[in-house]
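Top to bottom, those sequences are chains W and X. Okay, so the first sequence: first residue is 1 according to the numbering used here, each after it adds one. Okay, so the second sequence: first residue is 260 according to the numbering used here, each after it adds one.
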Amino acid sequence: MPRRARINLWRLVLFSAAVALWQAISLIHGMPFYISSPSAIGARELQWLADGTLLFHTSITLEETVAGFILGAAVGIAAGFVIGPQRELGEVLDPFIVALYSIPKVALAPLFIVWFGIGIWMKIILAMVTVFFIVFFNTVAGVRNVDPDLINAVWLMGGSKWVILFKVIVPHALSAALTGVRIAIPYALIGAIVGELIASNRGIGYLVSSAASQFDTAGVFAALIVLTILATILNAIVDLVDRQTSRWKVDADLSLRPN
Amino acid sequence: MSTALVRIEAVSREFLRRDTRQLALEAVSLDIESGSFVCIVGPSGCGKSTLLNMIAGLIAPSSGRVTHGGTPVTGPRLDVGYLTQKDTLLPWRDVQRNIEMPLEIRGFAPDERARRARSLIETVGLRGRERAYPRELSGGMARRASLARMLIADPELLLLDEPFSALDAQLRQEMQNELLRLWSGSGKTVVFVTHDLEEAIALGDRVIVLGARGRIVRDEQIALERPRDVVAIRRRPEFHAIEERLWEALAAHYHPEPAA
Numbered sequence: 001m002p003r004r005a006r007i008n009l010w011r012l013v014l015f016s017a018a019v020a021l022w023q024a025i026s027l028i029h030g031m032p033f034y035i036s037s038p039s040a041i042g043a044r045e046l047q048w049l050a051d052g053t054l055l056f057h058t059s060i061t062l063e064e065t066v067a068g069f070i071l072g073a074a075v076g077i078a079a080g081f082v083i084g085p086q087r088e089l090g091e092v093l094d095p096f097i098v099a100l101y102s103i104p105k106v107a108l109a110p111l112f113i114v115w116f117g118i119g120i121w122m123k124i125i126l127a128m129v130t131v132f133f134i135v136f137f138n139t140v141a142g143v144r145n146v147d148p149d150l151i152n153a154v155w156l157m158g159g160s161k162w163v164i165l166f167k168v169i170v171p172h173a174l175s176a177a178l179t180g181v182r183i184a185i186p187y188a189l190i191g192a193i194v195g196e197l198i199a200s201n202r203g204i205g206y207l208v209s210s211a212a213s214q215f216d217t218a219g220v221f222a223a224l225i226v227l228t229i230l231a232t233i234l235n236a237i238v239d240l241v242d243r244q245t246s247r248w249k250v251d252a253d254l255s256l257r258p259n
Numbered sequence: 260m261s262t263a264l265v266r267i268e269a270v271s272r273e274f275l276r277r278d279t280r281q282l283a284l285e286a287v288s289l290d291i292e293s294g295s296f297v298c299i300v301g302p303s304g305c306g307k308s309t310l311l312n313m314i315a316g317l318i319a320p321s322s323g324r325v326t327h328g329g330t331p332v333t334g335p336r337l338d339v340g341y342l343t344q345k346d347t348l349l350p351w352r353d354v355q356r357n358i359e360m361p362l363e364i365r366g367f368a369p370d371e372r373a374r375r376a377r378s379l380i381e382t383v384g385l386r387g388r389e390r391a392y393p394r395e396l397s398g399g400m401a402r403r404a405s406l407a408r409m410l411i412a413d414p415e416l417l418l419l420d421e422p423f424s425a426l427d428a429q430l431r432q433e434m435q436n437e438l439l440r441l442w443s444g445s446g447k448t449v450v451f452v453t454h455d456l457e458e459a460i461a462l463g464d465r466v467i468v469l470g471a472r473g474r475i476v477r478d479e480q481i482a483l484e485r486p487r488d489v490v491a492i493r494r495r496p497e498f499h500a501i502e503e504r505l506w507e508a509l510a511a512h513y514h515p516e517p518a519a
């Protein structure tokens, strides 16, 4: 059996065994309140699928994630390009930006509720803020850390200031920004979910917290499984971006500040 | 001594290092004949790269002047090609688009760029690697791509700063022969900086040995026949005689840098 197939087979075995064990324990000891059971969770999943609950809440969360991600990435890249080349401005702003970055984003949620209400925008902004910093720091590093030898080489070819800007600095910075964008994809989901957990009446985060408040453990697990699948899909997208860009992307080790 | 393409006239260059002035070059004068292959050899710190960078227009002399075709050099020129030891291919462009870059800067149409690039890719032996990115190339292939990029705009003066010193011995010889093949009959002028005396003799029509602060301690015409094979020519008795003479000049003026 080829290695790949063997690994997949073992994964399937491990997964089935865990589910079977879970099911067995809940049948024998009957602790639906604590661990529910795979069959109850599966039934809930099917019920949500049938009555549209799943589609509705998933689409809300996805909407917040994507909107927050796009806004955060766009503003992060734009701000990075503006502040990146201006070293003095950057140095002036640095402690403030780092201070803002250091605040756990969850702690900002109550403030965002005051400013934006408990609707979808509060979650979008929370996702956006999370994404913004990651993309921003990478873009600034990308603008600043262009290899001077590359600039000299293009200058020696007869490249003007504009040629150097658009054919060396901008591509280098965009390449570094892309690294930030890639890392930020799962963080957008985290931002949206955190917002939903704190205050909402829709979305997967809401599904989790509302089920928990009704002591509906099967509902909590069912919602978590949906969340897991969503996160897995986002990670697959990250992998895809990696594969598409790793051939030419500049090294980004010089970029991100501590997470 | 008729047609000097590049004239270096009493050029000095000072650098500020840790608040003290240091002379990298002191009153160096040198003419470079059009169409010749000139090698500049010297120990590290002798100012040979500084001299080359001045011919390229990358740095200005503190005093004296450098002229190219009769006009003072004030910055990079379109008719000069420059190759450094380090690869400076743009990582986000594939081989062909990297090689096309100088033509892009000069405003050539895309199909003309592609036509010329493909023909040069053929010449330097990179066929089949047009769409590879620099990171996917071996050291030798990256050198070939850099050579092609330097040559595509057909510069009349080629400046090379230790272009092959990062390669292993065998690959270095291969690239040296490649360079001679590309140069022979082209009428181009080459200034080749190296710290490797053998390389200088094997390649050059003329070898200039620099001592401290760019002082020319020996300037010798190399009367070996062309075309040359860099491996075969090293076995010739004349080669050894030249090498011995130049080595003596190099050693006599070699003063190790005082410890910092």
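Backbone N, C-alpha and C define an ideal beta-carbon position, used for all residues, glycine too.
| query | result |
| --- | --- |
| Positions along the segment 302 to 315 of chain X whose CB lies within less than 9 Å of some CB in chain W | 315 |
| Coil, strand or helix - residue 86 of chain W by DSSP | coil |
| Residue(s) in a DSSP beta bridge with residue 327 of chain X | X:265, X:330 |
| Where the segment 434 to 463 of chain X meets chain W: residues whose CB sits under 7 Å from a CB there | none |
| Closest residue to residue 379 of chain X among X:366, X:362, X:398, X:293 (Cα-Cα distance) | X:362 |
| Same chain only: Cβ atoms within 6 Å of residue 184 of chain W, ignoring 5 sequence neighbours per side | 131, 134, 135 |
| Neighbour flag for residue 359 of chain X against chain W, beta carbons, 8 Å | no |
| Below-8 Å beta-carbon distance, residue 11 of chain W vs any chain X residue | no |
| Exposure label - residue 359 of chain X; buried when at least 16 CB within 10 Å | buried |
| Chain-ordered neighbours of residue 356 of chain X on chain W, where CB pairs are closer than 8 Å | By Cβ distance, chain W contributes nothing, its closest Cβ being about 10 Å from residue 356 of chain X, past 8 Å. |
| Within 8 Å, strictly: CB atoms of residue 475 of chain X and residue 502 of chain X | no |
| C-alpha gap between residue 128 of chain W and residue 57 of chain W, whole angstroms | 20 Å |
| Contact with chain X by residue 242 of chain W, beta-carbon distance below 8 Å | no |
| Contact the segment 318 to 335 of chain X vs the segment 469 to 489 of chain X: 3+ CB pairs below 8 Å | no |
| Candidates X:396, X:482, X:314, of which the one nearest residue 348 of chain X by Cα | X:396 |
| Residue 244 of chain W (DSSP reduced to helix, strand or coil) | helix |
| Residue ranges of each beta strand (DSSP E) within the segment 274 to 353 of chain X, 3 or longer | 279 to 292, 296 to 300, 322 to 327, 339 to 342 |
| Nearest-angstrom beta carbon gap, residue 200 of chain W and residue 118 of chain W [assumed within contact, 8 Å] | 6 Å |
| Interface residues of chain W facing residue 394 of chain X [CB-CB closer than 8 Å] | 247, 248 |
| 8 Å Cβ cutoff, residue 284 of chain X in contact with chain W | no |
| Meets three-Cβ-pair contact criterion under 8 Å: the segment 206 to 213 of chain W and the segment 268 to 276 of chain X | no |
| Rounded C-alpha distance that separates residue 256 of chain W from residue 15 of chain W | Legend: pLDDT at residue 256 of chain W = 37, less than 50; position of this residue unreliable, value from coordinates given subsequently. Near 36 Å, if we compare the C-alpha coordinates of residue 15 of chain W and residue 256 of chain W. |
| Expected contact under 8 Å - CB spacing of residue 8 of chain W and residue 317 of chain X to nearest Å | No, residue 8 of chain W and residue 317 of chain X are not in contact; Cβ-Cβ is about 57 Å, not under 8 Å. |
| Closer than 8 Å to chain W by CB, residue 382 of chain X | no |
| N-terminal and C-terminal residue of the beta strand (DSSP E) that residue 475 of chain X is part of | 475 to 480 |
| Of the residues W:181, W:208, W:227, the one placed nearest residue 245 of chain W, counting alpha carbons only | W:181 |
| Three-way DSSP call (helix, strand, coil) for residue 469 of chain X in this model | strand |
| Unbroken beta strand (DSSP E) run spanning residue 450 of chain X, endpoints | 448 to 453 |
| Residues within the segment 28 to 61 of chain W neighbouring chain X, beta-carbon criterion of under 9 Å | none |
| Residue 437 of chain X burial status per 10 Å Cβ neighbour count (16 or more: buried) | buried |
| Buried or exposed by the 16-neighbour rule on C-beta atoms within 10 Å, applied to residue 196 of chain W | buried |
| Interface positions of the segment 399 to 416 of chain X facing chain W (Cβ-Cβ less than 7 Å), listed along the chain | none |
| With 16 other Cβ atoms within 10 Å as the buried cut-off, status of residue 95 of chain W | exposed |
| Nearest neighbour of residue 499 of chain X, chosen from X:458, X:424, X:471, X:469 [CA to CA] | X:458 |
| Buried versus exposed, by CB contacts within 10 Å (16 or more), residue 37 of chain W | buried |
| Meets three-Cβ-pair contact criterion under 8 Å: the segment 287 to 303 of chain X and the segment 445 to 455 of chain X | yes |
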